[in-house]
Structure formats: C-alpha cells, structure tokens
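Peer 1:
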Amino acid sequence: MKKVIAIAVMFMSSIGFSQIKVVETVPVERLGRISNDFYVQKIGDEYTFFYKTTQSEDEDVALKNFTFKNVDNAYQSLYGIISNGFSASPLNDIKLELPNNFVWLHYIVSSDKTTVQFMVTNKSANSTSVSESLSKEQVDKLFQKS
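Mapping of the sequence shown onto numbering that gives the first Met the number 0: residues 0 to 145, in sequence order.
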C-alpha cells in the first residue's frame, strides 16, 4: 500500500510541474501613432488599427480595432488606397472587406481640407463604429510616411 501511495504522489507531482509551459511570444511593435486614441500595432504579420470611436451603436467607449494580415503587402496597399482617396474626383466612399470587418473610408470635404473617417462594421456582431476624422498629414503619420 505504501508503494502505491508513493507512486501516486510521484505521479501527481510530475503532472503538477508539467502544467506550466513557457510559450514563445511574438514581439508587439507600435507603429504610427496620432494620439493615445489612434495608433497602429504590428504582431507578427498582423496589423491592428486601434481608434477611439466618435459614434457607435453600442455604449462601450473603449478603443475599437480592426485587424488584417499583411498578405500581398496589404498594409502598404491600404495606405495607397487611403492616400489616393484624398485626391479622387469625385470623392466617393471606399468600402473594404477584411476577414472580420467591413471598413468604409468616408471622405469629408470642408472649405479648408479633406479628411477621412474609418467606419467599421463587425461582421459577426453587426455593430458599427466611426473613428475621428483624419487629415492627409495624420494618415501619413499613422503609416509612418512623414
């Protein structure tokens, strides 16, 4: 009986130590930042845009985000799409489809400048949020082009 208990204790202690594993992590890179409320973060090959919403269907005021993988240089393509939208004529909204979201680039022309807002709809939750307006200079800063 003592041997059975001793074997059981040794077995249980080996299981206890094997529950803790060291997991390899991928470093988080903070890329462009406009403020604490609007920035881009890269983890591996995924880019995540964080923004504080100015309009939202839900009452949560936390930072919202959308993510995509950098397949076929998608990050630089997004910058090109946004930048070209500032000089397009006529100025139309652009709808982008991401894996989990739809993103509308909503351009606003005022007397002194043109701005763009991200209007993001989550495919699964059917919630929509709108970012603050960004000028061309702020978009350049966000994508680290200035």
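Backbone N, C-alpha and C define an ideal beta-carbon position, used for all residues, glycine too.
Would you mind giving the Cβ-Cβ distance between residue 47 and residue 64, rounded to the nearest angstrom? I have them listed as a contact below 8 Å.
Peer 2: Yes, residue 47 and residue 64 are in contact; Cβ-Cβ is about 5 Å, under 8 Å.
Peer 1: So, at 7 Å on beta carbons, what are the nonlocal neighbours of residue 140 in its own chain, with the 5 sequence-adjacent residues on each side left out?
Peer 2: Excluding residues within five positions, the ones whose Cβ falls inside 7 Å are 31, 33.
Peer 1: For residue 142, tell me which candidate among 87, 73, 121, 101 has the shortest Cα-Cα distance.
Peer 2: The shortest Cα separation from residue 142 among 87, 73, 121, 101 belongs to 73.
Peer 1: Among 21, 68, 127, 62, whose alpha-carbon lies nearest the alpha-carbon of residue 41?
Peer 2: The shortest Cα separation from residue 41 among 21, 68, 127, 62 belongs to 68.
Peer 1: Tell me the DSSP secondary structure of residue 75 in three-state form.
Peer 2: Helix, per DSSP.
Peer 1: Need the endpoints of the alpha helix (DSSP H) that residue 141 sits in, please.
Peer 2: Residues 135-141.
Peer 1: Considering only DSSP beta bridges, list what residue 101 is partnered with.
Peer 2: Beta-bridge pairing links residue 101 to 96, 120.
Peer 1: Would you kindly work out how many angstroms separate the C-alpha atoms of residue 76 and residue 82, rounded to a whole number?
Peer 2: Cα-Cα distance, rounded: 10 Å.
Peer 1: Check residue 82 in the structure and name its three-state DSSP category.
Peer 2: DSSP places residue 82 in helix when its eight states are reduced to three.
Peer 1: Does the beta carbon of residue 121 sit closer than 8 Å to a beta carbon anywhere in chain C?
Peer 2: The structure shown contains no chain C; it holds only a single protein chain.
Peer 1: Let's test the definition: count the other Cβ atoms within 10 Å of the Cβ of residue 99 and tell me whether it reaches 16, buried, or not, exposed.
Peer 2: Exposed: under 16 other Cβ atoms inside 10 Å.
Peer 1: Suppose the cutoff is 7 Å on Cβ atoms and the five residues either side in sequence are ignored; what does the same chain contact list for residue 44 look like?
Peer 2: 68, 69, listed in sequence order.
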